[in-house]
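All residue numbers for the sequence shown refer to the working numbering, where the first residue is 4 and numbers rise by one.
We treat Cβ as the ideally placed atom computed from N, Cα and C, and that holds for glycine.
Keep in mind the model is a prediction, meaning the values are calculated, not measured.
Working notes, beginning with the structure itself.
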Amino acid sequence: MSKRSVAGSRLEFIPPQVPTLVDKPPEGDEWIHEVKFDGYRVQVIVQDGMARIFTRNGHDWSAKFWPIGLAALALPCTSAIIDGEVIVCDEKGASDFNAVGRAIRSDPGSLCFVAFDLLHLDGTDLRAKPLVERRRRLADMVKGNAKIQFSEAFEGHAAAIFRAVEAMGLEGMVSKRADSRYRSGPSKVWLKTKCFVESDFELLGVVREPGQAPQALMATPDRKYVGSAIVALKGAMRDRLWDRVKTRPAPAPKGFRNPGAEWTQPGMVGRVRFLRGEGGLRHATLKEVRED
């Protein structure tokens, strides 16, 4: 890793640091905690009177996120690389991943950029500096920019902060070591804890394979597949599920080619616990079922 960028050299996309998913946030004074926004992770590069915006995989989306680029050009710097998230907030102030895609197509002015790290500033590579120092410089730089917001961090009892995040209906939070350097790739000094939510879905069928936990295949009310959930039912409720699958078989839904699946007729609804903000079922568990 170079300590300084060469004056006049073109700044290039830096693969992002990626937090590791954990079950609960880390405690301790060495950690700071930020809200996890539900948007598009991007990197904004400002240089030579131009702003380029890259996705987390390094694709140039400057044209799609042009309002963010214009706002970045107003920042008080000659060059910078900023890590953050492009978001759109709903009427309650919560970020909405799907709304970003809609905004790109029809309402780009509603896009905002939440900045949480500063990798380069005015020719200096800051990645070896402690996180708190990088964030201090970032906060000073974006202050007063209506389109670019600073991601505030919280200190203290992590479990209490996480409960507050859950209560507000947010996606989760990211905990970071305050003294950490910025290193591209998966990271154990950035940890994300995501909130779970429960919702009802239509049962399409099940998959039962030897040596593996049974999986329930779930769908929206119009039978659109959303993912699978581990069957965590016990006793009479578990028996009710297996009886339904046995006595109400159905052909495979159109487009499905899973020879190991047992499909069932519409009419059974399952309560599923899953990670919020995933656009589908992830780390999902089937908690109960009922006839509908």
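- In the same chain as PRO224, and ignoring 5 residues on each side of it, the C-beta atoms closer than 8 angstroms to its own belong to GLU205, in chain order.
- Within the same chain, and ignoring the five residues on either side of VAL192 in sequence, the residues whose Cβ sits closer than 7 angstroms to its Cβ are LYS179, ARG180, SER183.
- Here the alpha carbons of ILE90 and VAL117 stand approximately 7 angstroms from one another.
- Boundaries of the alpha helix (DSSP H) harbouring GLU136: 134–145, taken from the DSSP string.
- In this structure, the straight-line span from the alpha carbon of THR250 to that of VAL292 is close to 16 angstroms.
- Here SER109 is exposed. Its C-beta has fewer than 16 other C-beta atoms within 10 Å.
- Residue pairing by DSSP puts THR58 in a beta bridge opposite VAL45.
- Assignment of GLU169 by DSSP, reduced to helix, strand and coil, places it in the helix class.
- If you look at THR196, you'll find it in the beta strand (DSSP E) that goes 188–197.
- Spanning the alpha carbons of SER202 and ARG130 requires a straight line of approximately 41 angstroms.
- With the rule of 3 Cβ pairs closer than 8 angstroms, the segment 166–178 does not count as touching the segment 11–19.
- With fewer than 16 other beta carbons inside 10 angstroms of its own, GLY104 counts as exposed.
- Rounded to the nearest whole angstrom, the C-alpha separation of LEU278 and ALA97 is 16 angstroms.
- The straight-line gap separating the alpha-carbon atoms of ASP128 and GLN20 is approximately 15 angstroms.
- Separation of LYS237 and THR288 (C-alpha to C-alpha, rounded to the nearest whole angstrom) is 13 angstroms.
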